[in-house]
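First up is the structure itself, then whatever we jot down about it.
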Amino acid sequence: MNETDKPKIRISKEALDRPKPRRFYKQAGVRELPPDAATGGAALYQVVLDGRPVRTPRKAALAMPYRALAEVIDPATMPLTRFANSILDGVIGREPEVRADILKYAGSDLLCYRAEGPASLVQRQAAAWDRVLAWAREAFNARLVLTAGVMPVAQPDHALAGIAAALEELDAYRLTSIHVMTTLTGSALLALAHSHGALTVDEAWAAAHIDEDWQIEQWGEDYEAAQRRRYRWSEMQAASRLLELVG
Numbered sequence: 007m008n009e010t011d012k013p014k015i016r017i018s019k020e021a022l023d024r025p026k027p028r029r030f031y032k033q034a035g036v037r038e039l040p041p042d043a044a045t046g047g048a049a050l051y052q053v054v055l056d057g058r059p060v061r062t063p064r065k066a067a068l069a070m071p072y073r074a075l076a077e078v079i080d081p082a083t084m085p086l087t088r089f090a091n092s093i094l095d096g097v098i099g100r101e102p103e104v105r106a107d108i109l110k111y112a113g114s115d116l117l118c119y120r121a122e123g124p125a126s127l128v129q130r131q132a133a134a135w136d137r138v139l140a141w142a143r144e145a146f147n148a149r150l151v152l153t154a155g156v157m158p159v160a161q162p163d164h165a166l167a168g169i170a171a172a173l174e175e176l177d178a179y180r181l182t183s184i185h186v187m188t189t190l191t192g193s194a195l196l197a198l199a200h201s202h203g204a205l206t207v208d209e210a211w212a213a214a215h216i217d218e219d220w221q222i223e224q225w226g227e228d229y230e231a232a233q234r235r236r237y238r239w240s241e242m243q244a245a246s247r248l249l250e251l252v253g
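Spelled out as structure tokens, the structure:
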């Protein structure tokens, strides 16, 4: 039989959309693993289902040094499970890269780029953002340069060095939370301010959307954009929850 004679296999859209069978478990739990040299002497808490260890997509044990986080992980749900998998499979051992990416955002932070007008938008930005910049000056000795418009402005090395020093103190779990919030808001400063208790998660989210909310007031809300924003807000809340769970 040649290639043209072979029967074609067609999969209908209905078949693709059909729900996949789910395996149900009787009991989920957490197993404490004894400390060893690989964990720096810290105990690990492993998620188990019916007594069997849960694994990440890369087959690492879903185990972490934070019992509070392990106890709320549900392998059937997102996004905390996804965050935990990402940490174990892609962040641990690559912390310097994650720190560098957060610092890159700080170098072009949303809060440093101000509107030239109208006056109402300029005032809203100042009201929400100036206090965060003042906090960063106090917390990190980071005096960032502001500019009007979108033309790039280089930030002083000493300002970024202060932020970099703060990031050095964070483990993979805290870095992941801050990185997620940074990419969602476009601002490392908002993520750091929330992580240090200077802003609530609601305040950080609102500050990140000053421009967008002003545009909505002028022209109305786009349905698809609103859907995306709701999803991103749920991710922001989950990243904040992760931060809370790891202390």
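Positions 7 to 253 (our numbering) are the ones given, in order, by the sequence shown.
Quick reminder that beta carbons are idealized off the backbone N, C-alpha and C, glycines included.
Expected contact under 8 Å - CB spacing of residue i and residue j to nearest Å
i, j, result
"residue 186", "residue 241", "7 Å"
"residue 148", "residue 165", "4 Å"
"residue 210", "residue 200", "4 Å"
"residue 89", "residue 248", "6 Å"
"residue 204", "residue 141", "5 Å"
Contacting residues, own chain, Cβ-Cβ under 7 Å from residue i (five flanking each side not counted)
i, result
"residue 50", "39, 69, 70 and 71"
"residue 214", "116, 191, 192, 193 and 196"
"residue 152", "118 and 120"
"residue 135", "117 and 213"
"residue 101", "178 and 181"
"residue 67", "52, 59 and 61"
"residue 41", "47, 48 and 49"
Of the listed residues the options, nearest to residue i (C-alpha basis)
i, options, result
"residue 126", "249, 223, 113 and 76", "223"
"residue 56", "32, 76 and 77", "32"
"residue 65", "54, 95 and 153", "95"
"residue 61", "79, 100 and 48", "79"
"residue 216", "162, 47, 75 and 129", "129"
"residue 196", "248, 89 and 108", "108"
"residue 48", "135, 73 and 244", "73"
"residue 239", "157, 207 and 253", "207"
"residue 143", "157, 91 and 162", "162"
"residue 77", "54, 63 and 225", "54"
Own chain residues within Cβ distance below 8 Å of residue i, not counting five before or after
i, result
"residue 111", "188, 189, 192, 193 and 194"
"residue 229", "none"
CA-to-CA distance, residue j to residue i, given in whole angstroms
i, j, result
"residue 254", "residue 75", "Past the edges of the chain, shown from 7 to 253, lies residue 254, and the structure says nothing about it."
"residue 103", "residue 132", "32 Å"
"residue 159", "residue 139", "16 Å"
"residue 252", "residue 170", "21 Å"
"residue 27", "residue 154", "Note that residue 27 scores a pLDDT of 41, beneath 50, so its modelled location is shaky and nothing firm can be said."
"residue 92", "residue 246", "16 Å"
"residue 156", "residue 37", "51 Å"
"residue 97", "residue 202", "21 Å"
"residue 63", "residue 81", "11 Å"
"residue 150", "residue 198", "15 Å"
"residue 226", "residue 99", "45 Å"
"residue 124", "residue 231", "23 Å"
Close-in-space but distant-in-sequence residues of the same chain around residue i (CB under 6 Å, 5 per side omitted)
i, result
"residue 220", "127"
"residue 168", "146, 147 and 148"
"residue 105", "173"
Contact between the segment 173-189 and the segment 228-239 (3+ Cβ pairs under 8 Å): no
contact_flag[the segment 167-178, the segment 76-87] where n(CB pairs < 8 Å) is 3 or more: no
Three CB pairs or more closer than 8 Å across the segment 108-115 and the segment 191-199: yes
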